[in-house]
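Residue numbers (UniProt numbering), protein chains in the order written: chain P, 1 to 428; chain G, 1 to 428.
Written out below as structure tokens is the structure these notes cover.
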Ligand SMILES: [Ca+2]
Ligand SMILES: [Ca+2]
Ligand SMILES: [Mg+2]
Ligand SMILES: [Mg+2]
Ligand code: NI
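Written out as structure tokens, the structure reads:
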């Protein structure tokens, strides 16, 4: 089924407010719970409504060859649907765009069914849409890599020589991935010794940071020992979410030599609830940055593309009513593409499964006001940045961090909603 | 219920060959499958038999207050049982020691039931006993840390100053944990540029290594944001297995700066199939090494103990019929105890779940013939070690690596069986 042309703009009978992230062109997938003791159910977002996919399936509206009779939308997570791969994803998108379109009476003219299927977002809470088996965090923004290297190693070799040959990554902690809206308790931990002490600092982190990232959600995946070919990698990526990789810079700095980040990251990682599919992002494809040196053959892709996704971070300081923007960048600066990341991840035979997540790393742009974390924005606390009526070096208790991203089409958006979290004080 | 005294040695009606790792004093837990299309079932090992715990439950023999009527042994993994905590573990052990003891007629004198419950090990294959949510690899042998530091950074500061204050660790890849007996395909990947080339090497790893480790299997675990107190940590550890953390040293060396090991480790990690409980290991408790400097208060434990577990690694070189011992060490040298590891892992609020695994890191002893990996034994390939009729710097295709460990009691063993894997050639 062809994507609708941009000329005759597809419209839904569901009223979609101007500027909404969720018009019929988007239809991101998530999992919601009605208020009360209800089981979680898969949905797509349309305007200010969640379309209940279990209800749509119960009404027999998934009538295509792949999804007809499938139990995939009667699950509490999207993992089964993810495992079915792009044929299922495309068929679901086509069916949903059809039944939501302004011309199609099946839902539009059936009030009882409509009330069953369309749930106002004000009546639901979103939950984690997947069971995350593995979570990997890459380090694929050259601007972020350069800034970190400069801050921690100095101006000689801000970017290590391996960086331009492989998408650097580390394994993150999957268990502490939480959905947008979950509070984040300031972690306690060890930091470098201070003053004349040889013993390390222990207590609440004094350098709590956010990291603006995007996360790719894995579809079918691969068996152990069978790498994913670079030109097949796109078939294994369902879509993207926003991700805040909360980071305790003092804990991270003290623990990181020689095995990398651990407790400085694993206390919480927040993702946005709606997964925007690569199919919905297609109109926003753009060239990825030219790679110099050329990637090794296993990473050389026919279709070397990124997506033009404007991204912002807002902070609402404790005690204030308004959030202020602290950085503004774009996904398109990413040096190693998500397909290169996935193929590299499997080149040694490592197996990926439906619901695995891999994140881009901090998405810093080239300009100082486009850096993706406070470490860079304040140059590790050397400077303060203005936030509303206050200033910040690092996050304070009560601060709320809000990531957002939205692709601007002609007459419509394909947006990610927000990825929020508020900082709570450390345990005593 | 008291552990049986060592004086009147508890005996089973099941014949246990002399030197067996699995007498009635051990009863390690695993999951097996009868040959054919049978579902996996939990078991304990006794001599050369697996005792089928679903069959034992079906016969109504788990009649204690915690396990009576529980579906925990009608699962395909041990995760549910692990989540039930030490009251369930102790009750299961007591019930099983009773029904297997020489004095107890219930199984001994019921041939039909005995044949249902006791399955010869030659008729089964062992599978991964748990669904692993998170896998963490620590770095807690001071001898290993010192040797690695010496090899990679030189003699100035072989052990970094943070090492003596915190149990260093990194997140490993859970998806590629496999059970003993699974072949390991030599991984392909990038290595440092060689000769005049500025581009990295790409191809089969040329420095494939084993790492002798032990892994702790997590029981109930903790909620996000609620650290496990050091003096409660033991209640969250079900038991231990052997672990071979296969490592591609060339891939690891090139990728590791600045975020730590990734593809050099994630191609396969092998564990032994039988989990030996901490209850079975109690008679082998011993003092852990004195810690200097003193650990910070959150890591200071009332009961600072290790276990006296002699460990060996054998290699059967390709084309040879016999395996040769290549190293011999002991778990008791571990500097940071498993309870300290677990508490440190959660001090930032990170949540652990039943079936999570954390490994000790390479268990090197103080002497050159007690080092736990070829990197140390050959000093990164500078020397060769004899292996049967051959020598090795690193592993060759066709080599089989066999870890084993066995505690020696008075008149009985508490052993771990073996943790095996054979190296297959890389993909073309
Ligand atoms: Ca990150
Ligand atoms: Ca290791
Ligand atoms: Mg994080
Ligand atoms: Mg490994
Ligand atoms: Ni007792």
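Note that the Cβ used here is the ideal one computed from N, Cα and C, for glycine as well.
What three-state label does DSSP hand residue 331 of chain G in the structure shown?
-> helix
DSSP-derived helix/strand/coil call for residue 336 of chain P | coil
Does ligand 1 have even one heavy atom less than 8 Å from the beta-carbon of residue 356 of chain P?
-> no
Thinking residue 138 of chain G and residue 177 of chain G are a contact (beta carbons under 8 Å), I'd like their distance in whole angstroms, please.
-> Not a contact, Cβ separation roughly 15 Å.
Residues of its chain near residue 81 of chain P, where Cβ-Cβ distance is below 6 Å and the 5 sequence neighbours each way are ignored | 72
Give a yes or no on whether the minimum CB-CB distance between residue 285 of chain P and chain G is below 9 Å.
-> no
Do you know offhand how far residue 9 of chain G's Cα is from residue 48 of chain G's?
-> 19 Å
Alpha-carbon spacing of residue 255 of chain G relative to residue 334 of chain G, whole angstroms | 27 Å
Proximal residues, the region 130-151 of chain P versus chain G, C-beta separation under 7 Å = 133, 134 and 139
Identify every run of the beta strand (DSSP E) within the region 364-393 of chain G, keeping only runs that are complete inside it and at least 3 residues long; order them along the chain.
-> 385-387 and 390-392
Can you find a heavy atom of ligand 2 that lies under 8 Å from the Cβ of residue 207 of chain G?
-> no
Can you find a C-beta in chain G that's less than 9 Å from the C-beta of residue 350 of chain P?
-> yes
Indicate the three-state DSSP secondary structure (helix, strand or coil) for residue 70 of chain P in the structure shown.
-> coil
So what does DSSP say about residue 50 of chain P, is it helix, strand or coil?
-> strand
Between the region 408-427 of chain P and the region 21-39 of chain P, are three or more C-beta pairs nearer than 8 Å?
-> yes
Is any heavy atom of ligand 2 found at a distance shorter than 8 Å from the C-beta of residue 32 of chain P?
-> no
CB-CB under 6 Å to residue 1 of chain P, same chain, minus the five flanking residues each way: which ones, in chain order?
-> Bear in mind that the predicted position of residue 1 of chain P carries a pLDDT of just 43, short of 50, making it too unreliable to give a figure here.
Given residue 109 of chain P as reference, the closest of P/180, P/121, P/131 and P/13 once Cα atoms are compared = P/13
Which whole-angstrom value is the C-beta distance of residue 343 of chain P and residue 305 of chain P, which I expect to be below 8 Å?
-> Not really, about 14 Å apart at Cβ, beyond 8 Å.
Measure the CB-CB distance between residue 34 of chain P and residue 119 of chain P and report whether it falls below 9 Å.
-> yes
Since residue 462 of chain P sits in a beta bridge, which residues does DSSP pair it with?
-> Since the first residue of chain P shown is 1 and the last is 428, residue 462 of chain P is not available in this structure.
Relative to ligand 1, is the shortest distance from any of its heavy atoms to the C-beta of residue 361 of chain P smaller than 8 Å?
-> yes
On the DSSP bridge assignment, give the partners of residue 244 of chain P in chain order.
-> P/212 and P/270
Rounded distance between the beta-carbons of residue 209 of chain P and residue 247 of chain P, thought under 8 Å = 5 Å
Residue 278 of chain G versus residue 288 of chain P: straight-line alpha-carbon distance, rounded = 53 Å
Unbroken beta strand (DSSP E) run spanning residue 287 of chain G, endpoints = 285-287
Neighbour list for residue 263 of chain G in chain P, Cβ cutoff strictly below 8 Å = 344, 345, 347, 348 and 350
Residue closest to residue 173 of chain P, alpha-carbon to alpha-carbon, out of G/349, G/367 and G/376 = G/349
Mind checking if residue 370 of chain G is an interface residue toward chain P, Cβ cutoff 9 Å exclusive?
-> no
Helix, strand or coil: which one does DSSP assign to residue 395 of chain P?
-> coil
Beta-carbon neighbours of residue 176 of chain P, restricted to chain G and to distances below 8 Å | 224, 349, 350 and 351
Which of helix, strand or coil does DSSP assign to residue 139 of chain G?
-> coil
Where do the ends of the beta strand (DSSP E) carrying residue 306 of chain P lie?
-> 305-307
Continuous beta strand (DSSP E) assignments of at least 3 residues falling wholly in the region 164-235 of chain G = 169-171, 177-179, 188-191, 201-204 and 212-218
Beta-carbon separation (whole angstroms), residue 211 of chain G vs residue 373 of chain G, contact threshold 8 Å | 5 Å
Enumerate in chain order the residues of its own chain whose CB-to-CB distance from residue 99 of chain P is below 6 Å, with the five nearest sequence positions on each side excluded.
-> 61, 106 and 107
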